[in-house]
Amino acid sequence: MKKTKPYFLFLYVVLTVFGISCSKEFEEHYNPSKRIDKNIVQILSEDPEFSEFVKLIDQLGLRKTLGEAAIYTCLAPKNEHVDAYFKAKGYASLSVVPEVELRQYVNSHFINGMYYKYDIEKKYKDAVSGLNPTKATYYTTRAEAALPAKSIRIFTPSFFAVQQEDYKTIYNATGEGFMVETAKISTTKYDIDASNGVIHVLESPLNIPLRTDLAVASDPQISIFNSWLEAHVTYTLGPKDEFGWVDTTLIKSYSLSRNLANESTLSTLFAPTNEAVMEYFTPYLPDLYNTIDSIPKLIKTEILRGVLLADTWYKSDITRNLPELRTTTYPQLVNMIAPTIVGSVLTSNGLIYKVNKFIEPPKLHSVEGGVYMKKRVYGQWNWMFERTDLESGLTDGLFYQHSDKTILLQPDEAWGFPLAEDMDVDARLIRQNQCRTGILNIDVRKDGGFRRRYYPTEFGYIYYENGKFTDYTGKTVSLMKTQPTWQRTNGAIFEIDGFLTPMNKLDLTRTVFALVEKDTQLSQFKDAINKAGLNGELNLTGFFTYTVLAPTNTALQAGGISVAAMNADQARAFVNKYIIPNRYVFSDGVFQGSVPDKGGSYLTVAGAWESFSVSNTAGKTVKPTTANNQGSNGVVHKINQIF
340 MKKTKPYFLF LYVVLTVFGI SCSKEFEEHY NPSKRIDKNI VQILSEDPEF
390 SEFVKLIDQL GLRKTLGEAA IYTCLAPKNE HVDAYFKAKG YASLSVVPEV
440 ELRQYVNSHF INGMYYKYDI EKKYKDAVSG LNPTKATYYT TRAEAALPAK
490 SIRIFTPSFF AVQQEDYKTI YNATGEGFMV ETAKISTTKY DIDASNGVIH
540 VLESPLNIPL RTDLAVASDP QISIFNSWLE AHVTYTLGPK DEFGWVDTTL
590 IKSYSLSRNL ANESTLSTLF APTNEAVMEY FTPYLPDLYN TIDSIPKLIK
640 TEILRGVLLA DTWYKSDITR NLPELRTTTY PQLVNMIAPT IVGSVLTSNG
690 LIYKVNKFIE PPKLHSVEGG VYMKKRVYGQ WNWMFERTDL ESGLTDGLFY
740 QHSDKTILLQ PDEAWGFPLA EDMDVDARLI RQNQCRTGIL NIDVRKDGGF
790 RRRYYPTEFG YIYYENGKFT DYTGKTVSLM KTQPTWQRTN GAIFEIDGFL
840 TPMNKLDLTR TVFALVEKDT QLSQFKDAIN KAGLNGELNL TGFFTYTVLA
890 PTNTALQAGG ISVAAMNADQ ARAFVNKYII PNRYVFSDGV FQGSVPDKGG
940 SYLTVAGAWE SFSVSNTAGK TVKPTTANNQ GSNGVVHKIN QIF
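Positions 340 to 982 (our numbering) are the ones given, in order, by the sequence shown.
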């Protein structure tokens with residue numbers, strides 16, 4: 340007799356145990372009453388404890404539709420539950436309830452598809468990653484032409500075993516067993532089979548949540564947030580029928596990326612309470628005409644975009660998805676959100692969390708926000724921010740990694756005339772560039788505050804000394820206050836009393852070569868540049884920048900240099916020693932260290948102002964006699980020595 344191999348015996352034992360386990364789980368959650376000869380409505384009609392619900396079905400003419408037209412899971416309410424639900428809504432009797440509400444009530448107790456308890460539990464257990472477990476709790480109710488389907492949540496024992504805190508956060512209560520929202524499914528009357536589906540009996544009234552926009556409007560604790568949402572409502576007419584007639588029913592939607600008025604669009608909102616809104620904005624109200632309504636619409640829109648999240652996220656999902664949670668437009672650090680949740684508002688097409696700490700959108704998190712939040716003082720800048728691209732580059736709207744900036748702006752009292760709105764297109768562009776000349780590409784606070792130096796801007800470098808800023812033309816404006824009027828992590832706003840002149844980076848009349856060419860004391864060095872064939876290169880603008888150490892005619896004569904005797908190669912080698920490419924080097928000492936000249940040899944920059952010097956590898960040092968002549972593509976220093 341042939342012996343059975345050991346691994347076959349092992350496989351048999353494993354399969355037997357697994358089969359018993361599955362069978363046990365199946366029988367725990369699947370125990371239908373065999374009544375497939377009748378449909379759902381017929382079975383409900385036989386039981387007097389559902390007579391009120393059946394009466395509603397017949398009153399609405401839905402007996403045949405709900406009994407034959409589709410497969411459903413019926414969440415059957417008892418008579419007392421029907422009465423209790425509508426009395427809680429303020430209706431004395433069912434006879435006075437509007438038909439649309441009756442239809443919504445009936446439809447909300449019919450889920451599309453057939454789900455036994457076993458199926459509901461298995462659906463949740465099989466969802467094992469990301470948001471899938473949360474999504475597995477959502478089911479879709481029956482819809483009619485004028486009544487869209489609603490989402491409804493069904494919770495299982497497995498859910499409560501691991502996500503009980505999520506249920507407490509949403510419903511402010513604990514759950515157990517199988518529950519539909521806050522209504523418990525009977526432990527004895529469930530999985531009742533029918534020819535077109537299955538019936539589960541409810542042990543308490545099923546509260547039907549409002550749509551998200553209506554739910555927000557129903558909570559007085561978030562009324563300010565609701566007023567901001569309602570400012571983004573739009574209405575459209577319904578579609579045309581086959582005869583060309585337009586359905587005049589107004590369809591509500593939102594001019595945001597998530598349509599909160601659409602039952603099929605699931606969203607999560609982090610709605611700041613009125614208290615949180617006032618706590619954040621109260622310090623700024625004096626500069627916003629003293630009312631919460633005076634907050635600029637752009638800022639309100641930014642706030643709304645920053646608190647809307649696609650899909651539904653339970654609190655454990657928020658915490659689990661560290662370190663970032665992406666909202667509609669902006670990511671937010673979860674550890675900044677989860678601890679601030681103080682409650683929730685029930686809604687059918689999403690989740691609304693009330694938060695007691697205001698979530699800053701990127702613009703308010705940046706130095707840019709000060710212009711909006713001081714609209715009463717910086718009205719002209721605010722006007723330009725909202726209608727031009729003056730604010731470009733000040734805020735990172737995706738990752739909150741804003742570039743360091745310092746804004747030197749003119750309060751309205753220093754703006755003068757004409758006002759921004761009265762300027763023509765050309766004048767407004769000039770003013771915009773003047774304003775951007777005051778946006779420094781540095782956070783001066785990280786540099787120890789304002790000090791004597793040249794500050795980089797989009798339109799050239801600005802010189803600062805003793806409370807005054809000077810542009811390349813020599814025009815000077817004064818710092819009005821030593822302290823910033825707005826501060827954020829990436830910079831601050833300071834006030835000045837006038838406008839600086841923007842450098843045209845494409846101006847061929849002010850290139851470093853043009854500056855050398857115009858200076859009669861540099862005529863021999865100009866000739867050397869021309870002989871070397873470098874005049875065209877030193878006239879390049881845009882991405883090309885140069886620092887030129889230009890020896891005077893006197894320096895060349897003293898050093899015995901004859902440009903006339905040079906050939907082109909010799910002239911090029913000579914000129915290259917005095918040009919530092921791709922860098923502005925001013926005598927302010929901001930840059931110090933080694934840097935290659937145009938020929939590839941290294942120069943050492945040291946000192947500042949009177950002690951500023953440049954040395955070559957041979958140890959020869961030169962100092963400028965006239966420094967920091969700024970051009971459109973670089974800076975020229977005149978020197979009276981040669982290397």
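The beta-carbon is built from N, C-alpha and C at its ideal position, and this holds for glycine as well.
Quantities reported herein were computed from a predicted structural model and do not represent experimental measurements.
Residue i burial status per 10 Å Cβ neighbour count (16 or more: buried)
{"i": "Ile-375", "result": "exposed"}
{"i": "Arg-790", "result": "exposed"}
{"i": "Asn-968", "result": "buried"}
{"i": "Pro-662", "result": "Unreliable positioning characterises Pro-662 in this predicted model, as indicated by a pLDDT of 47, which lies under 50. A coordinate reading is not provided."}
{"i": "Arg-659", "result": "exposed"}
{"i": "Arg-775", "result": "buried"}
{"i": "Leu-845", "result": "exposed"}
{"i": "Pro-544", "result": "buried"}
{"i": "Asn-531", "result": "Checking the displayed sequence, the identity of residue 531 turns out to be Ile instead of Asn. The residue is buried, with at least 16 neighbouring Cβ atoms inside 10 Å."}
{"i": "Gln-863", "result": "buried"}
{"i": "Met-712", "result": "buried"}
{"i": "Trp-720", "result": "buried"}
{"i": "Val-555", "result": "buried"}
{"i": "Lys-461", "result": "buried"}
{"i": "Lys-714", "result": "buried"}
{"i": "Gly-958", "result": "exposed"}
Backbone secondary structure at residue i - three-state DSSP
{"i": "Asn-565", "result": "helix"}
{"i": "Lys-591", "result": "strand"}
{"i": "Ile-547", "result": "coil"}
{"i": "Phe-982", "result": "coil"}
{"i": "Lys-820", "result": "coil"}
{"i": "Leu-942", "result": "strand"}
{"i": "Asn-627", "result": "Residue identity check: residue 627 is Leu in the sequence provided, not Asn. Here Leu-627 sits in coil by DSSP."}
{"i": "Pro-611", "result": "strand"}
{"i": "Leu-854", "result": "helix"}
{"i": "His-704", "result": "helix"}
{"i": "Ser-933", "result": "strand"}
{"i": "Val-716", "result": "coil"}
{"i": "Met-842", "result": "coil"}
{"i": "Arg-827", "result": "strand"}
{"i": "Gly-577", "result": "coil"}
{"i": "Tyr-653", "result": "coil"}
{"i": "Ser-557", "result": "helix"}
{"i": "Ser-633", "result": "helix"}
{"i": "Ala-966", "result": "strand"}
{"i": "Val-961", "result": "strand"}
Inter-residue CB distance, residue i and residue j (contact presumed, cutoff 8 Å)
{"i": "Val-924", "j": "Thr-886", "result": "4 Å"}
{"i": "Pro-841", "j": "Phe-798", "result": "4 Å"}
{"i": "Leu-643", "j": "His-571", "result": "7 Å"}
{"i": "Leu-470", "j": "Trp-652", "result": "7 Å"}
{"i": "Asp-927", "j": "Ala-947", "result": "6 Å"}
{"i": "Ser-633", "j": "Thr-551", "result": "Wrong, their Cβ atoms sit about 27 Å apart, outside the cutoff."}
{"i": "Ala-894", "j": "Gln-980", "result": "6 Å"}
CA-to-CA distance, residue j to residue i, given in whole angstroms
{"i": "Asp-305", "j": "Tyr-692", "result": "With the chain represented from 340 up to 982, any question about residue 305 goes unanswered, as that position is not in the structure."}
{"i": "Thr-984", "j": "Leu-839", "result": "Here the chain has residues from 340 to 982 only, and residue 984 is not among them."}
{"i": "Gly-709", "j": "Gly-932", "result": "37 Å"}
{"i": "Gln-443", "j": "Asp-650", "result": "24 Å"}
{"i": "Gly-718", "j": "Asp-763", "result": "18 Å"}
{"i": "Thr-848", "j": "His-976", "result": "18 Å"}
{"i": "Phe-808", "j": "Asn-565", "result": "46 Å"}
{"i": "Met-453", "j": "Glu-388", "result": "23 Å"}
{"i": "Gly-583", "j": "Ile-590", "result": "18 Å"}
{"i": "Gly-881", "j": "Tyr-593", "result": "43 Å"}
{"i": "Ser-562", "j": "Lys-579", "result": "36 Å"}
{"i": "Gly-875", "j": "Thr-850", "result": "10 Å"}
{"i": "Tyr-457", "j": "Ile-698", "result": "41 Å"}
{"i": "Leu-486", "j": "Gly-536", "result": "22 Å"}
{"i": "Ala-610", "j": "Pro-559", "result": "12 Å"}
{"i": "Ile-410", "j": "Asn-451", "result": "7 Å"}
{"i": "Asn-446", "j": "Asp-626", "result": "51 Å"}
{"i": "Glu-641", "j": "Pro-700", "result": "6 Å"}
{"i": "Arg-784", "j": "Gly-806", "result": "15 Å"}
Item to check | Whole beta strand (DSSP E) elements within the stretch 861 to 918, 3-residue minimum | outcome: 885 to 890
Next on the checklist: Which complete beta strand (DSSP E) runs does the stretch 719 to 788 hold, if anything under 3 residues is left out?
Outcome noted: 744 to 748
Next on the checklist: Give the list of continuous alpha helix (DSSP H) stretches no shorter than 4 residues that lie fully inside the stretch 422 to 491.
Outcome noted: 438 to 447, 456 to 465, 471 to 474
Next on the checklist: Going residue by residue through the stretch 375 to 429, where are the continuous beta strand (DSSP E) segments of at least 3 residues, counting only ones entirely within it?
Outcome noted: 411 to 415
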